[in-house]
Every structure is written in C-alpha cells, then in structure tokens.
Amino acid sequence: MAGAFWVLVEDDRQGSPKKVTAEVLGEASRLAGQAGGEAEAVWLTDKATEEGLSQLAEWGAKRVWLIENPGLAPYRGEVWSAALADLAAKESPKAILGAVTTRQREGLARLAARLGAGLSADSVAFAIEGDKLVATRPVYAGKLTAKMTWSKGPWLATLRPNVFRPLDPQTGAKAQVERPSVTVADGQMKLVERKEEVSTGLPELAEAEIVVSGGRGLKGPENFVILEELAKVIGAAVGASRAAVDAGWRPHRFQIGQTGRTISPKLYLGFGISGAIQHLAGMRTSKVICAINKDPEAPIFKIADYGIVGDLFDVAPQLTQEFKKLLDKS
Ligand SMILES: Cc1cc2nc3c(=O)[nH]c(=O)nc-3n(C[C@H](O)[C@H](O)[C@H](O)COP(=O)(O)OP(=O)(O)OC[C@H]3O[C@@H](n4cnc5c(N)ncnc54)[C@H](O)[C@@H]3O)c2cc1C
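First residue of the sequence shown? That's 86 in my numbering, and the numbers climb one at a time after it.
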C-alpha cells in the first residue's frame, strides 16, 4: 500500500520470525502512526507457517506480503533484492526497514542500489520531521552520531538490534495476507557447500535473555569453558569483550560493544571486563548488570547493579554450583 512502512521479516529459516522483527515492526508502527500509514511485513521465505503469520500480526503488522518460493532458499542477496524491487515497484511503500543482520544488511544495500534509493545503515533512532524521516546512525566507529534524511523515497534503513522497543503484543490480532505474484529469478551464484556450525546448545547472543560475558581477565581461550558451564546451567549466551576477541579467544560475532553486537538482556554477567566505554555501548541497556572483577576500581562497577570484587576463577565455578542447586530444586 502506498504510504506503508514495510518491515522485512528476519526468520530462523524454519518458519518462525525472530525477535528482532518485533523490534523493527514496533518502530515501523510508531513511525507509520505519525506519518499516516501502516506497518506491513514482507516475508521472503521457502517455508512460511500459520504461527509465523499470526506472530507478525501480534507484533503490529497490519498486512503481510508473503513471497513463498523454494527459490528463496538458501538466501542469495541478488535473488531476494530482485524480488523485493519487483514488489516495491508495484506497491510503492513509503519506507522499507530491516534489521542489522547478515542477510538484511546485504539485501537492503542491494535493494537500495536497484531502486536508486538512499539507505541509512545501522540506525539507532528515527523521527518524523514534517514530511521527512530523519535517521540517527553512529559514524566513525561510534565516536559520533550523524543525522540524515532522504531526498526521495522510498526510505530504506537497517535498524540495530536490541535498540528499538517492540509493541506490546496484540494477542489475537490478524493481518491481511497477500501472496503477490513476484518473479523469483535464478541468481548468478549457486550454493556449493553449506557447513553448519555445531550448535553449542546455548541461545543466540542477540536473542538471549541472559548473557555471560568474558574479557581479558579470563587470560586465555581455554578458560571460556568456565563461562560456558555457567551459561548452560542458567540458559545464557556467552559473549566477549573486544580484548578477548582481538586476542583470538572468541570469534568476532560474540563481541559485545560499539564495534560488536548490541545486547539488551534481562541479566548481563560480566567476568574480567573492565567496562570501557566502547563495551558499555553494547550492553548498558541490560535490565540487570552484574560485574565480577578483582579490581574494586574497575569502571564497570559504576554501572553495575550488583558487583562481586573477586577472582573470577573462584567466583564463576561457585556461581555455577549455587545456580545448579537452586535450579535443581525448582
Ligand atoms: C574505536 C574502538 C572501538 C571499540 N569497540 C569495542 C567493542 O565493541 N567492545 C569492547 O568490548 N571493546 C571495544 N573497544 C576496546 C575497549 O576500549 C577496551 O579496550 C576493551 O573493552 C577492554 O576489554 P576488557 O575489559 O576485556 O580488558 P581490560 O580492559 O584489560 O580489562 C580486564 C579486566 O579484567 C580484570 N581481571 C583480570 N584478572 C581477573 C580475575 N582473575 N578475576 C576477575 N577480574 C580480573 C581486570 O581487573 C580488568 O578490569 C573499542 C575500542 C576502540 C578504540
């Protein structure tokens, strides 16, 4: 619909939209409300589910454009962006928003090139000013923020996860589901081999309600096993500071902070992390922050709700044992 704020659905590839889609739909609904439009979801998938469609409605989508086609899996940016460009040309949405995920940051950049449209990548705030959308995004690795607007539509943007609030779920809400006829072309690229990483059994960092994070204080990659044991007991994801990532102890996708992931879990436990401003940029909106550090002057204690001054090599195993006892009882 003209005037619509489209939200690209990020899913788990099994037919369930991910939490980050609720965040983008929440912001799209707020902006569309001010601009006189509606939030609509656009779901490109090889397998949609009824539960997934209901979920999108409950998260605020008034309409779902469902492009369900076996040619959309595995993800290839050129195929997705061509299908999206085709639909956008027919429907003229006002804005097309996605999340900062591996697929969507590429897909939206390609779409912007196809449409000749502007893209605000990694956006952290939006405002409707008159008849314009103004986006705020970090620049120079987060040292500054820049405000930008678009000289013409559609307005394309990717939104940083764990920054925007989802709407309160609208239980029982229904969205109109459209199944538009869109060409899903063969791409130039073909998947040769897919190697799935062996699952750790731990939740994904960006989605986890509890995050256990380790820094240089862990002293080596082998010691992350201490945090993984704790994480298994309390159902947490394991993250890391940049110092730990730069030392090659954890892959970059586990880095929390300005140049890593932004997280906002219910509980963040930081072990051997000093609390540099760039680390705080990625976790300071956590609901409860608990820091474990042997230095009582460590800056992380300034923002922590709870602090334990002690050696993490003593504290972490003790916490694991205590949580085990408590959780086994319940
Ligand atoms: C442009 C830019 C971007 C950056 N982006 C990021 C980012 O995204 N994420 C990020 O994390 N950093 C980032 N940094 C780096 C940041 O400035 C810090 O250098 C980094 O966060 C420090 O990591 P750390 O806290 O693990 O290490 P340190 O600062 O070295 O702290 C280690 C802490 O462990 C404690 N400790 C040591 N041994 C023990 C023990 N046995 N038990 C308990 N505590 C112990 C020490 O007291 C100390 O406080 C960035 C820097 C720049 C310039």
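No residue lacks a Cβ here, since even glycine has one placed at the ideal position from N, Cα and C.
Where residue i falls, given that 16 or more other Cβ within 10 Å makes a residue buried
i, result
"Ile348", "buried"
"His421", "No answer is possible for residue 421: it lies beyond the span of the chain, which begins at 86 and ends at 415."
"Ser205", "buried"
"Glu143", "buried"
"Glu95", "buried"
"Tyr391", "exposed"
"Ile181", "buried"
"Lys372", "exposed"
"Ser266", "exposed"
"Glu307", "exposed"
Nearest candidate by alpha-carbon position, reference residue i, set the options
i, options, result
"Arg250", "Lys410, Gly395, Ser114, Ala401", "Ser114"
"Gly122", "Val94, Ile152, Phe90", "Phe90"
"Arg222", "Met233, Ala212, Leu241", "Met233"
"Glu289", "Lys280, Ser266, Gln340", "Gln340"
"Val109", "Leu138, Ser208, Gly215", "Ser208"
"Gln261", "Phe398, Lys104, Glu135", "Glu135"
Contact check, residue i vs residue j, beta carbons under 9 Å
i, j, result
"Gly145", "Ala120", "no"
"Gly300", "Ala316", "no"
"Leu352", "Ala376", "no"
"Val394", "Pro381", "yes"
Alpha helix (DSSP H) segment containing residue i, residue limits
i, result
"Asp261", "A small fix is needed here, since residue 261 is Gln in this sequence, not Asp. Where Gln261 is concerned, there is no enclosing alpha helix (DSSP H), although the beta strand (DSSP E) it sits in stretches over 261-263."
"Arg161", "Taken as a continuous stretch (DSSP letters only), Arg161 belongs to no alpha helix (DSSP H), as it is neither H nor E."
"Arg115", "104-120"
"Leu141", "135-143"
"Leu200", "187-200"
Span of the beta strand (DSSP E), counted from its first residue to its last, around residue i
i, result
"Ser205", "204-208"
"Pro223", "217-224"
"Lys232", "229-234"
"Gly183", "180-184"
"Ile152", "148-153"
"Phe90", "90-93"
Practice task
Note down, one range per segment and in chain order, each alpha helix (DSSP H) of at least 4 residues found wholly within the segment 365-401.
Solution key: 385-388
Problem - Whole beta strand (DSSP E) elements within the segment 309-354, 3-residue minimum - result: 322-325
Handout entry: beta strand (DSSP E) segments (min. 3 residues) lying fully within the segment 280-311
Key = Listed in chain order, the complete beta strand (DSSP E) runs (minimum 3 residues) inside the segment 280-311 are 295-299.
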